[in-house]
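Numbering (our numbering), first residue to last: 42 to 245. Below: one structure, written as structure tokens.
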Ligand SMILES: NC(=O)c1ccc[n+]([C@@H]2O[C@H](COP(=O)([O-])OP(=O)(O)OC[C@H]3O[C@@H](n4cnc5c(N)ncnc54)[C@H](OP(=O)(O)O)[C@@H]3O)[C@@H](O)[C@H]2O)c1
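Structural data, given as structure tokens:
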């Protein structure tokens with residue numbers, strides 16, 4: 042069965058977005074600093090329809106691995122609403138994206154294999170659809186914080202990968218707010234670069 046993994050950038054003080062995040066202010070005030078490391082990554086730029094960048098280093102390898110293993114994505118509606126305005130067409134996913142929401146909406150078909158499907162029946166239903174779409178590949182839970190917490194609480198996540206940025210935001214959206222102290226994570230891989238530290242945990 043495919044692995045279900047979350048992959049998020051986080052500040053050293055535990056935030057995945059700064060304050061006042063909303064469509065038009067993606068990742069909130071100062072939150073784009075969490076993703077500064079990826080701006081020059083060739084594979085990421087290619088997925089954003091941007092030329093140039095640096096390839097062949099650990100950061101590029103991590104981004105490439107993340108895209109290659111994902112056969113489908115799950116995300117929360119607030120993450121989607123921010124990205125809806127900014128993602129290029131084709132969007133970076135190039136695979137089905139299941140968006141968790143309480144508001145039904147028709148699928149949104151984009152170029153390059155990305156279709157956003159809106160799922161109102163909760164995380165288990167979204168994951169079942171994502172698994173079916175992913176086939177032999179893995180399912181990425183892309184965020185945001187609420188969505189990852191729901192997957193953790195429901196025991197649906199196999200792996201959590203944090204891209205730990207050396208920035209302090211001070212306020213915003215914390216990933217682990219309200220997560221049970223019973224959560225047990227086993228570090229299984231650490232890859233460092235001058236800009237960011239990628240830590241992969243197995244969820245026990
Ligand atoms: N640092 C990173 O790598 C990273 C990654 C992803 C996102 N982010 C940031 O994280 C922020 C968003 O995170 P967030 O925690 O605020 O929100 P989120 O997890 O993106 O979305 C929450 C929304 O998902 C829907 N939802 C969640 N559980 C549901 C359920 N069981 N049934 C139906 N709908 C459900 C609801 O949508 P409705 O309100 O439509 O019902 C809810 O308001 C954004 O600022 C984004 O930029 C950062």
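Quick reminder that beta carbons are idealized off the backbone N, C-alpha and C, glycines included. Model, not experiment: these values are computed from the prediction.
When the Cα atoms are used, residue 115 and residue 242 turn out to be separated by approximately 19 Å.
If you check the CB distance, residue 45 and residue 199 come in under 8 Å. Counting only residues of its own chain and dropping the five nearest sequence neighbours on each side, residue 191 has a CB closer than 6 Å to the CB of 164. Counted as a single uninterrupted DSSP element, the beta strand (DSSP E) harbouring residue 241 occupies residues 238-244. Residue environment analysis places residue 80 among the exposed positions, since fewer than 16 neighbouring C-beta atoms fall within 10 angstroms of its C-beta. Counting the other CB atoms within 10 Å of its CB gives residue 90 a total below 16, which places it among the exposed residues. Your pair residue 159 and residue 172 does not check out as a contact, with CB atoms roughly 18 Å apart and the cut at 8 Å. In this structure, DSSP gives residue 121 a helical state, which the three-state scheme calls helix. Taking the C-beta atoms as reference points, residue 101 is found nearer than 8 Å to residue 83. In the three-state DSSP reduction, residue 179 falls in the strand class (E or B).
Under the criterion of beta carbons closer than 8 Å, residue 117 and residue 184 qualify as touching, at roughly 7 Å. For a cut-off of 8 Å, the C-beta gap from residue 240 to residue 222 is around 19 Å, too long to register as a contact. For residue 123, the shortest separation between its Cβ and any heavy atom of ligand 1 lies below 7 Å. In this structure, residue 163 has its beta carbon less than 7 Å from a heavy atom of ligand 1.
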